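Structure first, commentary second.
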Amino acid sequence: MRFLWVERCVRLFFLLCAFGSVAVTIGIVASLIGEALRFFSRVSPIDFLFGLTWAPYTLPTGEVSGFGAIPLFTGTALITLVAMAVAIPCGTMIAVYLSEYATSSVRQIFKPLLETLAGIPTLVYGFFAATTLAPILREIAGFFQISIASESALNAGLVMGIMILPYMSSLCEDALHRLPTSLREGSMGLGATSSETIVRVLLPAAFPNLMAAFLLSLSRAIGETMIVVMAAGLAANLTFNPLEAVTTVTVQIVNLLTGEQEFDNAKTLAAFGLGFVLFILTLFLNILALYGIKRYKRIYG
């Protein structure tokens, strides 16, 4: 009876932990939605989502202007695209090497090192972007007589791609390593080479988990702040040129909530509007990842 009572207490404790995490999540989402609704009651959602100028201010009469978030969305997309252009091919190739070509001893050394690199603070990457990579990019651009801003989307995107590279390569390597050995043996038994086996058998078989790794890494890149502040700046420019300075949604959220702010002001409430849009976007990416895994998942005996 005593052991039964202890088991019930442990089960109740686990239930409370699970309920607490769900309750906290619901509370965060509810507060975000509530503040976002307050913001959209003062600023038109159409003007906010499709406006081309981000210079928010509120007149003494209560009139608001400059809440167009398109430059922020464009800057976020531009930096994210540069980061994923670095992380996806490099991360996939690193994963293929560790899973298919590296010996077990090499894999046991480099896999923990990759996972350790994923824990480096983003502030360190920001210092690297501002003090090391930015001068190198200016010298390369000057050699080719190309104009590049001291703080640019290219600088931030390259460093962000390096930051998420260990995260993506580790997830992709796990996806490839978990594939059954019978796939490799069957392909090579039919006369395929190692590279043909990887391209035609293993990568398609691991595609659902690889896609999930890509989308989760994409969510990580969209939510990054410190690297953008130090490498791309705060200027909300509407541009598709990666050589110019831009800013992102997360940077502006931090900027709007920094210092002594009045939370009854539309400019401050804009941070919650941006946070709500970012929440919807990342939620959509996660749902898309789960759907892709479920839709294309194959069962191997």
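Start counting the sequence shown at 103; every next residue gets the next number (our numbering).
Glycine included, C-beta positions come from ideal geometry on N, C-alpha and C.
Computed from a predicted model, the values in this text were never measured in an experiment.
Report the partner residues of residue i according to the DSSP bridge assignment.
i	result
Phe-169	Trp-156
Can you have a look at residue i and say buried or exposed, based on whether 16 or more other CB atoms are within 10 angstroms of its CB?
i	result
Glu-156	Reading the sequence as shown, one finds Trp at residue 156 and not Glu. Buried, because 16 or more other Cβ atoms sit within 10 Å of the Cβ of Trp-156.
Leu-256	buried
Glu-165	exposed
Ala-132	exposed
Ala-125	exposed
Gly-335	buried
Gly-170	buried
Ile-380	First, the residue type needs correcting, since residue 380 is Leu and not Ile in the sequence shown. The residue in question, Leu-380, is buried, as its Cβ has 16 or more Cβ neighbours within 10 Å.
Gly-403	Residue placement at Gly-403 cannot be trusted, given a pLDDT of 43 that sits under 50; the coordinates are not used to answer.
Ser-201	buried
Glu-253	buried
Met-186	buried
Thr-160	buried
Ala-251	buried
Val-330	buried
Tyr-269	buried
Phe-141	buried
Ser-284	exposed
Gly-288	exposed
Ala-368	buried
Val-348	buried
Phe-365	exposed
Met-195	exposed
Gly-228	buried
Phe-115	exposed
Lys-396	exposed
Gly-263	buried
Ala-391	buried
Arg-110	exposed
First and last residue of the alpha helix (DSSP H) that includes residue i?
i	result
Val-348	Element bounds for Val-348: n/a, residue is neither H nor E.
Val-330	328–333
Arg-322	309–324
Tyr-227	224–230
Ser-271	255–279
Leu-292	Leu-292 -> no alpha helix (DSSP H), and no H or E assigned at all.
Thr-218	206–219
Ile-238	236–245
Measure from the alpha carbon of residue i to the alpha carbon of each residue in the options, then state which is nearest.
i	options	result
Asp-276	Phe-245, Met-262, Gly-293 and Gly-193	Gly-193
Leu-305	Leu-385, Ile-324, Ala-204 and His-279	His-279
Asn-343	Ala-179, Val-145, Cys-119 and Ala-120	Ala-179
Ile-222	Pro-310, Ile-266, Glu-298 and Val-184	Ile-266
Pro-147	Ile-395, Met-332 and Phe-378	Phe-378
Thr-350	Phe-365, Glu-364, Ala-333 and Asp-366	Ala-333
Ser-319	Ser-271, Ser-284 and Ala-372	Ser-271
Val-226	Glu-253, Val-198 and Val-261	Val-261
Leu-345	Arg-240, Trp-107 and Val-303	Arg-240
Ile-181	Phe-365, Glu-326 and Ser-206	Glu-326
Thr-233	Gln-210, Phe-212, Ala-258 and Ile-211	Ala-258
Arg-150	Pro-173, Val-112, Gly-129 and Ile-130	It should be noted that the sequence gives Phe, not Arg, for residue 150. The shortest C-alpha separation from Phe-150 is found at Pro-173.
Phe-175	Phe-230, Thr-341 and Val-145	Thr-341
Gly-177	Leu-358, Thr-352, Asp-366 and Asn-388	Thr-352
Gly-394	Ile-130, Phe-316, Gln-354 and Ser-123	Phe-316
Ala-231	Gly-168, Met-328 and Thr-127	Met-328
Ala-338	Arg-110, Pro-158 and Cys-111	Pro-158
Using beta carbons (cut-off 8 angstroms, strictly below), is residue i in contact with chain B?
i	result
Arg-322	No chain B is present in this structure, which holds just one protein chain.
Item checked: Sufficient close CB pairs (3 or more, under 8 angstroms) joining the segment 213–224 to the segment 264–276 -> yes
Margin query: Three Cβ pairs or more, each shorter than 8 angstroms: is that satisfied between the segment 307–315 and the segment 379–387?
Written below: no
Checklist line | Three-pair Cβ contact test at 8 angstroms for the segment 293–305 versus the segment 238–257 | finding: no
Next item on the list: Assess, as a yes-or-no matter, whether the segment 365–379 is touched by the segment 128–142 under the definition of 3 or more beta carbon pairs within less than 8 angstroms.
Entry: yes
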